[in-house]
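Those letters in the sequence shown? Residues 111 to 423, per our numbering, in order. Structure first, then comments.
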Amino acid sequence: MDLSIVIPLYNEEESLPELTAWIEKVMQENNFSYEIIMIDDGSIDESWKIIEHLRAGNAGIKGIKFQRNYGKSAALNEGFKAAQGDVIITMDADMQDSPDEIPELRRMIMEEGFDMVSGWKKKRYDNTLTKNIPSKLFNAAARRSSKIKLHDFNCGLKSYKKKVVKSIEIYGEMHRYIPILAKWAGFRKIGEKVVGHRARKYGVTKFGWERFVNGFLDLASIMFVGKFGKRPMHFFGLWGTLSFFAGFAIFLYLTISKFFFDITGMTQRPLFFFAILAMIIGTQLFLAGFIGELISRNSPERNNYLIEKKEGL
Ligand code: UDP
Ligand code: MG
């Protein structure tokens, strides 16, 4: 199978028939063998009925229905598990992404050898203040911390080599940072393609203001887990030890001043309190690292590594 189109959707009943017809048209024009996997993320409108109806007319359309709304990441994760095509395309269901981009996104994977290609909504038709400007800030932060040169990490339209989607697990709201997950999994050829974008035709956006907070926290945790998830002590232990010894050194200095140079009033000096604080924080950090280490030693995933090849085994 050439292509799996994975579409997460939540209350998108009006868009589905039009979107499907458009994808089918593009697939036929290019002679692709394909499947369309629609993941209904607990919609409370008629989306699932429409999926069943569409499937009756085209057996290549497949559906997964969640019992409740789990979020876009969960939907993508299930879609990735089910996908069978050589190349997997993800796109939003709201018709803001154009299926006409699919052939080129597939070509870049097959011919230019990219592991994944991310769309870039260079000209974007969303609200400037609530979407476009915050998104620029987020992308700059993600670019700096991950060193992946992308302009639009969270673009819904992306293509992947099959191996990539089978190697990553998306949970929480990590769909914003899939390129970083792919990089952590060892896929370094991450490309970008400028894609067309349109204003939402039907329905409303599913992401409110919470995405600022969640987006920031997720970036912090994804970078942290990727870097220190398997060795928490290297982070907490280092800073804990440094902080503890800084406090200890200050105490030493204060003690020497008192006993050898007769400087009294040790407890009245700001340094004294700073030293106490540094030692307490240091101990706390060290303990956090130690507990983290104990937890990761007991985790069933402590020895999960992605193995690329084996021979003679
Ligand atoms: N979506 C989903 N589950 C959710 C929220 C969104 O499957 O809990 C889907 C939604 O139906 C759409 C895609 O994710 O297909 C992108 O959502 P939306 O268009 O609302 O995001 P925006 O374009 O406003 O960032
Ligand atoms: Mg949208």
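From the three backbone atoms N, C-alpha and C, an ideal C-beta is built for every residue, glycine too.
Spatial neighbours of Met218 in its own chain (CB-CB distance under 8 Å, excluding positions within 5 residues in sequence) are listed in chain order as Phe224, Val227, Ser269, Gly301 and Lys303. Burial is judged here by how many other beta carbons sit within 10 angstroms of a residue's own beta carbon; Ser183 has at least 16 and is buried. Glu122 is bridged by DSSP to nothing; it lacks a bridge partner.
Any heavy atom of the ligand UDP counts here; residues with a Cβ closer than 6 Å to one of them, in chain order, are Pro118, Leu119, Tyr120, Glu122, Asp151, Asn179, Gly181, Lys182, Ala185, Asp202, Ala203, Asp204, Gln206, Gly266, Thr315, Lys316 and Phe317. Boundaries cannot be given for Val305, as no alpha helix (DSSP H) includes it and DSSP labels it neither H nor E. Rounded to the nearest angstrom, the gap between the Cα atoms of Glu403 and His285 is 27 Å. Sixteen is the threshold: when 16 or more other Cβ atoms of the shown chains lie within 10 Å of the Cβ of Phe354, as they do, the residue is buried. In the structure shown, Trp349 falls within a helical segment according to DSSP collapsed to helix, strand and coil.
By the CB criterion at 8 Å, Asp196 and Lys272 fall inside the cutoff. The criterion of a C-beta distance shorter than 8 Å is not satisfied by Phe346 and Pro244. Spanning the alpha carbons of Met205 and Tyr415 requires a straight line of approximately 37 Å. One alpha carbon belongs to Leu329, the other to Ser406, and they sit about 21 Å apart. For Thr200, the beta-bridge partners assigned by DSSP are Val116 and Lys268.
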